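Asks:
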Amino acid sequence: MDLKHIFKWGKKKKSDNETQGSPSKADTPTLGTSIRSTSPTPASSVAVSALVFQPFVPLSAVPLEQRPTNTAIVNNDTWTNLTAFLGLLNQSPVFGPLAAVIDDLTWFITAHEEVVTTRMEYEAMRSQLETLFKDLRTHFSQGTPPAMTTSMLNLCEAIQNEMRQVYGTQDRNTISRYMQADRDLDKITGCYRRIQGHLERVMVRALRTCGARADTYERKAERKSEHLENGGQAGNSYYDSAEANIVHRRECVAHTREQVLRDLNIWKDNQDGEKVCWINGMAGTGKTTIANTLCSTLHQSHELGASFFCTRSIPACRDVKFILPTVAHQLARFSSPFRSALLQVLDQDPEVYSKIPRVQFKRMILEPLQQVIRTLPTRTVVVIDALDECDDGNGVAQILEMLLENASKLPIKFLVSSRPETHIRERIFQSALKTQLVLHELDQRMVKADIETYLRVELESTSAPLTKDQLAALVERAGLLFIYAATVMRYIKAGDPLERITAVLKAPEPGRKSFNKTKEIDQLYAVVLASALEDENLEDFEKDRIQLVLHTVICAEEPLTIDALAGLLSLRRTHVLAALKPLWSVLRVSESNSAHRISTLHASFPDYMFDSNRSRHFVCNAPIHNGVLAELCLRRIERNQSRFNICNLGSSYVFDEDVPDIDNKVKEAIPLDLLYACQYWAVHLSLGGSLDNLIEMLHKFFSKRLLLWIEVLNLAKQIDKGVGQMEKVVTWLQ
Numbered sequence: 001m002d003l004k005h006i007f008k009w010g011k012k013k014k015s016d017n018e019t020q021g022s023p024s025k026a027d028t029p030t031l032g033t034s035i036r037s038t039s040p041t042p043a044s045s046v047a048v049s050a051l052v053f054q055p056f057v058p059l060s061a062v063p064l065e066q067r068p069t070n071t072a073i074v075n076n077d078t079w080t081n082l083t084a085f086l087g088l089l090n091q092s093p094v095f096g097p098l099a100a101v102i103d104d105l106t107w108f109i110t111a112h113e114e115v116v117t118t119r120m121e122y123e124a125m126r127s128q129l130e131t132l133f134k135d136l137r138t139h140f141s142q143g144t145p146p147a148m149t150t151s152m153l154n155l156c157e158a159i160q161n162e163m164r165q166v167y168g169t170q171d172r173n174t175i176s177r178y179m180q181a182d183r184d185l186d187k188i189t190g191c192y193r194r195i196q197g198h199l200e201r202v203m204v205r206a207l208r209t210c211g212a213r214a215d216t217y218e219r220k221a222e223r224k225s226e227h228l229e230n231g232g233q234a235g236n237s238y239y240d241s242a243e244a245n246i247v248h249r250r251e252c253v254a255h256t257r258e259q260v261l262r263d264l265n266i267w268k269d270n271q272d273g274e275k276v277c278w279i280n281g282m283a284g285t286g287k288t289t290i291a292n293t294l295c296s297t298l299h300q301s302h303e304l305g306a307s308f309f310c311t312r313s314i315p316a317c318r319d320v321k322f323i324l325p326t327v328a329h330q331l332a333r334f335s336s337p338f339r340s341a342l343l344q345v346l347d348q349d350p351e352v353y354s355k356i357p358r359v360q361f362k363r364m365i366l367e368p369l370q371q372v373i374r375t376l377p378t379r380t381v382v383v384i385d386a387l388d389e390c391d392d393g394n395g396v397a398q399i400l401e402m403l404l405e406n407a408s409k410l411p412i413k414f415l416v417s418s419r420p421e422t423h424i425r426e427r428i429f430q431s432a433l434k435t436q437l438v439l440h441e442l443d444q445r446m447v448k449a450d451i452e453t454y455l456r457v458e459l460e461s462t463s464a465p466l467t468k469d470q471l472a473a474l475v476e477r478a479g480l481l482f483i484y485a486a487t488v489m490r491y492i493k494a495g496d497p498l499e500r501i502t503a504v505l506k507a508p509e510p511g512r513k514s515f516n517k518t519k520e521i522d523q524l525y526a527v528v529l530a531s532a533l534e535d536e537n538l539e540d541f542e543k544d545r546i547q548l549v550l551h552t553v554i555c556a557e558e559p560l561t562i563d564a565l566a567g568l569l570s571l572r573r574t575h576v577l578a579a580l581k582p583l584w585s586v587l588r589v590s591e592s593n594s595a596h597r598i599s600t601l602h603a604s605f606p607d608y609m610f611d612s613n614r615s616r617h618f619v620c621n622a623p624i625h626n627g628v629l630a631e632l633c634l635r636r637i638e639r640n641q642s643r644f645n646i647c648n649l650g651s652s653y654v655f656d657e658d659v660p661d662i663d664n665k666v667k668e669a670i671p672l673d674l675l676y677a678c679q680y681w682a683v684h685l686s687l688g689g690s691l692d693n694l695i696e697m698l699h700k701f702f703s704k705r706l707l708l709w710i711e712v713l714n715l716a717k718q719i720d721k722g723v724g725q726m727e728k729v730v731t732w733l734q
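FYI, full-length UniProt numbering numbers position 607 of the sequence shown as 607, with every residue one higher than the one before it.
1. In three-state DSSP terms, what is F644?
2. Is the beta carbon of C252 closer than 8 Å to that of T297?
3. Using the C-alpha atoms, what's the distance from L713 back to I719?
4. Would T467 be called buried (16 or more neighbouring beta carbons within 10 Å of its own) or exposed?
5. What first and last residue would you give for the alpha helix (DSSP H) that runs through I710?
6. Are G305 and T380 close, meaning C-beta to C-beta below 8 Å?
7. How would you write the range of the alpha helix (DSSP H) that W278 sits in, first residue to last?
8. Let me know if L733 comes out buried or exposed under the rule of 16 or more other beta-carbons within 10 Å of its beta-carbon.
9. In three-state terms, what does DSSP make of I109?
10. Are M726 and E631 closer than 8 Å when you measure CB to CB?
11. Taking the C-alpha atoms as reference points, what is the distance between K362 and P337?
12. Report yes if the C-beta distance between I451 and A478 is below 8 Å; otherwise report no.
13. Three or more C-beta pairs under 8 Å: does that hold for the segment 599 to 611 against the segment 641 to 659?
14. In terms of residues, what are the limits of the alpha helix (DSSP H) holding V729?
15. Quick check: the Cα distance between Q398 and D135, rounded to an integer number of angstroms?
16. Note down the Cα distance separating A254 from L437, rounded to an integer number of angstroms.
17. Who are R597's beta bridge partners in DSSP?
18. Pick from G724, K355, I373, T435: whose alpha carbon is nearest that of A341?
19. Return the CA-CA distance between I662 and F605, expressed in angstroms with no decimal places.
20. By Cβ distance, which residues of its chain are closer than 6 Å to E65, with the 5 residues on each side in sequence left out?
21. Would you report the Cα separation of R249 and L88, rounded to the nearest angstrom?
22. Do you know how far the Cα of F334 is from the Cα of D611?
23. So, with DSSP's three-state summary, where would you put G87?
24. Who are the Cβ neighbours of A716 in its own chain at under 7 Å, not counting the five residues just before and after it?
25. Mind checking which residues open and close the beta strand (DSSP E) that includes Q436?
26. Under the three-state reduction of DSSP, which class applies to K506: helix, strand or coil?
27. Please report the distance separating the alpha-carbon of Q160 from that of R201.
28. Count the C-beta pairs between the segment 230 to 241 and the segment 187 to 200 that are closer than 8 Å, then say yes if the count reaches three, no if not.
29. Can you list, in chain order, the residues of its chain with a C-beta nearer than 7 Å to that of G724? Leave out the 5 residues immediately preceding and following it.
30. Quick one: what does DSSP say L304 is sitting in, helix, strand or coil?
31. Identify, in the order they occur along the chain, each residue of the same chain with its Cβ nearer than 7 Å to the Cβ of T326, setting aside the five sequence neighbours on each side.
32. Within the continuous beta strand (DSSP E) that includes D385, where are the two ends?
33. Roughly how many angstroms lie between the CA atoms of S531 and D469, to the nearest whole one?
34. Name the two residues that bound the continuous alpha helix (DSSP H) containing R477.
35. Below 8 Å CB to CB, which residues in the same chain sit around T731 once its five sequence neighbours on both sides are set aside?
36. Take every Cβ of the segment 414 to 423, pair it with every Cβ of the segment 343 to 352, and state whether three or more of those distances are shorter than 8 Å.
As structure tokens, then:
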């Protein structure tokens, strides 16, 4: 988003007989009345390109009686099809009602042209509307033109009402409009989208009246539901997304968890059974691996309606507001009737993506599903994994409440998984309409047999196979935790297998305050960290470097690349690689083609590191290290060589989207460590403790680096995060 998006109209000039505020009931147009006779003409606006402010050319307020009926945009080459369609309608009195609406629409577009063009999606909307007007002109010019039926007149009224709705928020003063500009632009662009939807229905009715098949055009219109408001979904949460590799998501090893998967398939196939299944289990029991395996199986049998895998490692995947919109978009691709029903919802309420989860569920899931209840394939399943890893526990509770309250009304099934956290368990247990599968309460012999199978498969690639007693000892230590088996195998493979097996089996008991359910995994994590941080062959500064890298990875707001980590910590790349090497058992370096991103192998490891009762002297003090990261982020911004116009753009009067090859210029000018620092310095500040020098650094930042920060966010299309960061800073200072 460009900075120009947050500036719009100046204060509306009032005539002598006009009062501030919304129009009175007497001023409101009645059906058939032109909106131009009562609507204010937008006055001058302000736009921003890069960091230079410039005024828009004000629109002249031409009196209605002097405004030609069908020449509002005749001279605008970008709307030739609209102009031609209006000219065609004016040739026949039969089309009078529609001609009046299209005439109003031409004025409406002209009046808002300069404001709406600040939106990146404007060109796509304009192109779609122009194509639509071209098709309408073609069908209205046929030998048997469509009749102006009651439904057609209703659509005309709906279009006119949409245009009237815009004029309720343009009376605010300049400062108020500045603070609300994004919301107002959303209102105008939302109006454009809804008008487009109404016009598409005009097109469908025209095709039906002419005796043509409307199926092709309807499908074309319905496809918009997949692309409308792309910001409302998180594609990286899909079970098979590229990011699955970053968080080391995998399927069950062959011949393991067979009984669990069999039980889930029985639940899925039982059409008289419960619509919701909850897989719960303590950290490390294999919930995500089971859910991932089930998704793969369902996908192959065309029964996977949608999937959303939550994870703390990826910001969008821990944000509750993305869960239901993402599920809805996948269901729209899965089912054409659902896509059509969802499109109707989005036409009526384009801002539904920003609503609370309770409203999202009702509008985007429940209502469309009930409309197409007879069309969906049986055994369709939606999988939502690791709800406990979301930031907003209240939002998670709302999703579960709506899901369980409406379970009997749903034509599809939902599988959710999580740890048995209090806010989740309480909502689940309030309803009897669910099936529950508790992984840590399964038959221990069956689970241990699966873990033994897993260890045998993994050990086939090692040069020192375990003895029968060693294997039995590892299985016993793993208990019901598959993450123990996975971590111990990574630890063994990262060094001398015999030495490391011995170290694991001889590890001392964990601290007195460790819980029994985490005793074994705590013991294993202690062995791994002791091997990395208490190596006698390392110098103290090398141990400090390993600890700095480790604490940064587990406190980072999103996975960092090796180069970004090096840049943020002011370390050489080789030093970062050396620090990561002994941590390979608990950290994951993705093998992505674009960048090697570092994340924790499993959510149980940060839990261990942040709990001093479990990790003891290895503990990571989150508030202290977040304060350190806030300082590191501010220092990274401070030492950036280029402090203004970092992309070396030729002119600040050219909008970013008009700059040739702008994406590559931004990528070259803004390294990932600088981008991370600009996105998250305030987040770390709000999470961190108070450091003596942070106040001084903040003063220097606001005095000398504020414009650089804004420019980076603007070029990276992250400017919307700026307001939230400022709010965090204000809260921290208080």
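Idealized CB from N, CA, C, for every residue including glycine. It should be emphasised that the depicted structure is a prediction, and the values quoted were computed from it without experimental measurement.
Replies: With the given structure in hand:
1. coil
2. Taking 8 Å as the Cβ cut-off, T297 and C252 do not qualify as a contacting pair.
3. 5 Å
4. exposed
5. 706 to 715
6. yes
7. From DSSP, W278 is part of no alpha helix (DSSP H) but of the beta strand (DSSP E) over 276 to 280.
8. exposed
9. In the three-state reduction of the DSSP assignment, I109 falls in the helix class.
10. no
11. Each residue's alpha carbon lies about 17 Å from the other.
12. yes
13. In short, these stretches do not touch, since the Cβ pair count stays below three.
14. 720 to 733
15. 44 Å
16. 21 Å
17. T561
18. I373
19. Their backbone Cα atoms lie some 40 Å apart in a straight line.
20. Reliability fails at E65, whose pLDDT of 39 lies under 50, so the model's placement of it is uncertain and no value is given.
21. 58 Å
22. 43 Å
23. helix
24. V666, I670, L675
25. From DSSP, the beta strand (DSSP E) with Q436 extends over 435 to 438.
26. coil
27. 15 Å
28. Fewer than three beta-carbon pairs drawn from the segment 230 to 241 and the segment 187 to 200 are found closer than 8 Å, and the two stretches are therefore not classed as touching.
29. none
30. strand
31. Q233, A234, S237, F308
32. 381 to 385
33. Those two C-alpha atoms are separated by around 24 Å.
34. Run containing R477: 468 to 478, per the alpha helix (DSSP H) assignment.
35. S686
36. no
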